[in-house]
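Take a look at the structure below.
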Amino acid sequence: MIRERIVNGREDGMPVDTASFILDFMAPEHYFITYRSELPSGAVVMASSLTLHNRPGIHVTKRLI
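Just so you know, we're using our numbering here: the sequence shown kicks off at 14 and counts up by one.
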(Lines of atoms letter the chains of each structure in order from A; the text may use other names.)
(Lines give C-alpha, C1' and ligand atoms only; values in the text may rest on other atoms or scores of the structure.)
Protein backbone atom coordinates (compact mmCIF):
# COMPACT_ATOMS: atom_id res chain seq x y z
CA MET A 14 0.00 0.00 0.00
CA ILE A 15 1.20 3.50 -0.83
CA ARG A 16 -0.15 6.28 1.37
CA GLU A 17 0.04 9.98 0.66
CA ARG A 18 -0.66 12.40 3.49
CA ILE A 19 -1.91 15.80 2.32
CA VAL A 20 -0.41 18.77 4.17
CA ASN A 21 -0.40 22.53 3.65
CA GLY A 22 2.59 24.08 2.00
CA ARG A 23 2.22 24.68 -1.74
CA GLU A 24 2.61 28.40 -2.28
CA ASP A 25 0.70 28.54 -5.57
CA GLY A 26 -2.22 26.45 -4.27
CA MET A 27 -2.26 24.30 -7.41
CA PRO A 28 -3.20 20.65 -6.79
CA VAL A 29 -0.75 17.90 -7.65
CA ASP A 30 -2.33 15.54 -10.16
CA THR A 31 0.45 13.03 -10.89
CA ALA A 32 2.58 10.64 -8.87
CA SER A 33 5.46 8.63 -10.32
CA PHE A 34 7.19 5.67 -8.71
CA ILE A 35 10.28 3.79 -9.83
CA LEU A 36 10.15 0.30 -8.33
CA ASP A 37 13.52 -1.05 -9.44
CA PHE A 38 13.98 -3.19 -6.33
CA MET A 39 10.98 -5.47 -6.87
CA ALA A 40 11.12 -8.92 -8.49
CA PRO A 41 9.34 -9.45 -11.85
CA GLU A 42 6.09 -10.72 -10.33
CA HIS A 43 2.44 -9.66 -10.00
CA TYR A 44 1.76 -7.11 -7.24
CA PHE A 45 -1.52 -5.72 -5.95
CA ILE A 46 -1.07 -2.03 -5.15
CA THR A 47 -3.44 0.34 -3.37
CA TYR A 48 -2.76 4.08 -3.39
CA ARG A 49 -4.55 6.24 -0.80
CA SER A 50 -4.45 10.01 -0.50
CA GLU A 51 -5.33 11.01 3.07
CA LEU A 52 -5.85 14.18 5.05
CA PRO A 53 -3.91 14.49 8.34
CA SER A 54 -7.13 13.36 10.09
CA GLY A 55 -6.92 10.03 8.26
CA ALA A 56 -9.92 10.74 6.01
CA VAL A 57 -9.39 9.28 2.52
CA VAL A 58 -9.68 11.90 -0.22
CA MET A 59 -8.82 9.74 -3.23
CA ALA A 60 -7.84 6.11 -3.75
CA SER A 61 -7.04 3.65 -6.49
CA SER A 62 -6.06 -0.02 -6.72
CA LEU A 63 -4.31 -1.88 -9.50
CA THR A 64 -2.49 -5.07 -10.37
CA LEU A 65 1.09 -4.44 -11.44
CA HIS A 66 2.77 -7.01 -13.67
CA ASN A 67 6.30 -5.84 -12.86
CA ARG A 68 8.39 -6.14 -16.03
CA PRO A 69 11.04 -3.86 -17.59
CA GLY A 70 9.46 -0.94 -19.44
CA ILE A 71 5.97 -1.36 -17.94
CA HIS A 72 4.03 1.90 -17.50
CA VAL A 73 0.69 1.84 -15.63
CA THR A 74 -1.78 4.69 -15.41
CA LYS A 75 -4.77 4.52 -13.06
CA ARG A 76 -7.27 7.29 -12.31
CA LEU A 77 -7.77 8.28 -8.66
CA ILE A 78 -11.38 8.25 -7.48
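Ideal Cβ placement from N, Cα and C applies to all residues, glycine included.
With a cutoff of 9 Å on beta-carbon distance, arginine 49 and methionine 27 are scored as not near each other.
Assigned with DSSP and collapsed to three states, glutamate 51 falls in strand. DSSP lists Arg49 as the beta-bridge partner residues of alanine 60. Nearest Cα to histidine 72 within the set Glu17, Leu36, Ile19 and Glu24: Leu36. When DSSP states are grouped into helix, strand and coil, glutamate 42 belongs to the coil group.
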